[in-house]
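Working notes for the structure below.
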Amino acid sequence: MNRDIEVIQARIRETSGFVDRLLEEVGGVIVGQKAMVEQLLIGLLSDGHVLMEGVPGLAKTLTVRTLADAIRTSFQRIQFTPDLLPADLIGTLIYDPRKSEFKTRKGPVFANVILADEINRSPAKVQSALLEAMQERTVTIGEDTYPLPSPFLVLATQNPIEQEGTYPLPEAQVDRFMLKLSV
Numbered sequence: 011m012n013r014d015i016e017v018i019q020a021r022i023r024e025t026s027g028f029v030d031r032l033l034e035e036v037g038g039v040i041v042g043q044k045a046m047v048e049q050l051l052i053g054l055l056s057d058g059h060v061l062m063e064g065v066p067g068l069a070k071t072l073t074v075r076t077l078a079d080a081i082r083t084s085f086q087r088i089q090f091t092p093d094l095l096p097a098d099l100i101g102t103l104i105y106d107p108r109k110s111e112f113k114t115r116k117g118p119v120f121a122n123v124i125l126a127d128e129i130n131r132s133p134a135k136v137q138s139a140l141l142e143a144m145q146e147r148t149v150t151i152g153e154d155t156y157p158l159p160s161p162f163l164v165l166a167t168q169n170p171i172e173q174e175g176t177y178p179l180p181e182a183q184v185d186r187f188m189l190k191l192s193v
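Using my numbering, the first residue of the sequence shown is number 11, and each one after it goes up by one.
Structure follows, in structure tokens:
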């Protein structure tokens, strides 16, 4: 019995080196936000999406970009704006007149780590375009459904709802996030 516990403890020490290296690498760029970085790592390691709320200028975007660089996976930053369309996010069908057929053009959501920056600056129809991706880890373009890469993690930032030009996130969207951090 004690031998089993020792083996488990050794595996934990061995595996936790990965987390320590990530904390060190991100901490070298982001100073004073250790709790936020640790919470983002919890989301990453538990395969859950994270929503970060705070006023502009608190290094939310830089933190997510630095984390994505540290884990060395594909990364896309999507700036949510009032004029963003769902097709800008997930992709669309493009007609090729030479071949007389439609081709799928995948959107930026087809990356391992997505930074949905200022997600509450877009109307609900655009925010809802993320629902299928976050829940099912697939995206439907036209009549075809495409799997998203693994891992797939959405790290979203939002400004407080009191700020001008923001929209409340639909309840179904909020439910897709495992963690909400107040920064």
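The beta carbon of each residue, even a glycine, is placed where N, CA and C say it ideally should be.
(message) Are the CB atoms of Q86 and F120 within a distance shorter than 9 Å?
(response) Taking the sequence shown and counting its residues from 1, the one referred to as residue 120 is at position 110. Taking the sequence shown and counting its residues from 1, the one referred to as residue 86 is at position 76. Their beta carbons are under 9 Å apart, which means F120 touches Q86 by this criterion.
(message) Give me the residue from F187, Y177, G101, V193 with the minimum Cα distance to E153.
(response) Mapped onto the sequence shown, residue 153 falls at position 143. Of the listed residues, the one whose Cα sits closest to E153 is G101.
(request) Using the DSSP secondary-structure output, state which residues sit across from V29 in a beta bridge. (result) To locate residue 29, count along the sequence shown from 1; it is residue 19. DSSP output for V29 lists no bridge partner at all.
(request) Mind checking which residues open and close the alpha helix (DSSP H) that includes I52? (result) Along the sequence shown, read from residue 1 onward, the residue named residue 52 stands at position 42. Element bounds for I52: 44 to 55.
(message) Considering only their Cβ atoms, is the gap separating R131 from F187 smaller than 9 Å?
(response) For the purposes of this step, residue 187 is taken as the residue at position 177 of the sequence shown. For the purposes of this step, residue 131 is taken as the residue at position 121 of the sequence shown. No.
(message) Let me make sure I understand the geometry here. Which of T71, V39, I22, K135 has the alpha-carbon closest to that of V193?
(response) Taking the sequence shown and counting its residues from 1, the one referred to as residue 193 is at position 183. Comparing Cα positions, the closest option is T71.
(message) Using only the alpha-carbon positions, how far apart do L141 and A20 sit?
(response) Numbered from 1 along the sequence shown, position 131 holds the residue referred to as residue 141. Numbered from 1 along the sequence shown, position 10 holds the residue referred to as residue 20. If you take the alpha carbons of L141 and A20, they lie about 39 Å apart.
(message) So for I40, helix, strand or coil by DSSP?
(response) In the sequence shown, counting from the first residue as 1, residue 40 sits at position 30. Note: I40 maps to coil in three-state DSSP.
(message) Suppose contacts are defined by Cβ-Cβ distances below 9 Å. Is I40 in contact with V47 by that definition?
(response) In the sequence shown, the residue the question calls residue 40 occupies position 30. In the sequence shown, the residue the question calls residue 47 occupies position 37. The answer is yes: Cβ separation under 9 Å.
(request) Report all residues from its chain with a CB closer than 8 Å to the CB of P66; omit the five preceding and five following residues, and keep chain order. (result) Taking the sequence shown and counting its residues from 1, the one referred to as residue 66 is at position 56. Excluding sequence neighbours, P66 sits near N169.
(message) Looking at A143: is its Cβ nearer than 9 Å to the Cβ of V164?
(response) Residue numbering aside, residue 143 sits at position 133 when the sequence shown is read from its first letter. Residue numbering aside, residue 164 sits at position 154 when the sequence shown is read from its first letter. A contact, by the Cβ cut-off of 9 Å.
(message) By the three-class DSSP mapping on this structure, what secondary structure does D127 have?
(response) Here the question's residue 127 lines up with position 117 in the sequence shown. D127: strand per DSSP, three-state reduction.
(request) Whole angstroms is fine: what's the gap from L95's alpha carbon to R75's? (result) Here residue 95 is taken as the residue at index 85 of the sequence shown, counted from 1. Here residue 75 is taken as the residue at index 65 of the sequence shown, counted from 1. In a straight line, the C-alpha of L95 is about 23 Å away from that of R75.
(request) State the Cα-Cα distance for the pair I15 and R31, rounded to the nearest angstrom. (result) Along the sequence shown, one-based indexing puts residue 15 at 5. Along the sequence shown, one-based indexing puts residue 31 at 21. Taking the straight line joining both Cα atoms gives about 25 Å.
(request) Compute the Euclidean distance between the alpha carbons of D57 and D98, then round it to the nearest angstrom. (result) Within the sequence shown, numbered from 1, the residue matching residue 57 stands at position 47. Within the sequence shown, numbered from 1, the residue matching residue 98 stands at position 88. The straight-line gap from Cα to Cα measures roughly 25 Å.
(message) Could you pull the DSSP bridge partners for R147 from this structure?
(response) Walking along the sequence shown from the start, residue 147 turns up at place 137. Paired residues: none, contrary to the question.
(message) For the alpha helix (DSSP H) containing P96, name the first residue and the last one.
(response) Reading the sequence shown from its first residue, position 86 is the one you call residue 96. It spans 96 to 100 - the alpha helix (DSSP H) in which P96 sits, taken as one unbroken run.
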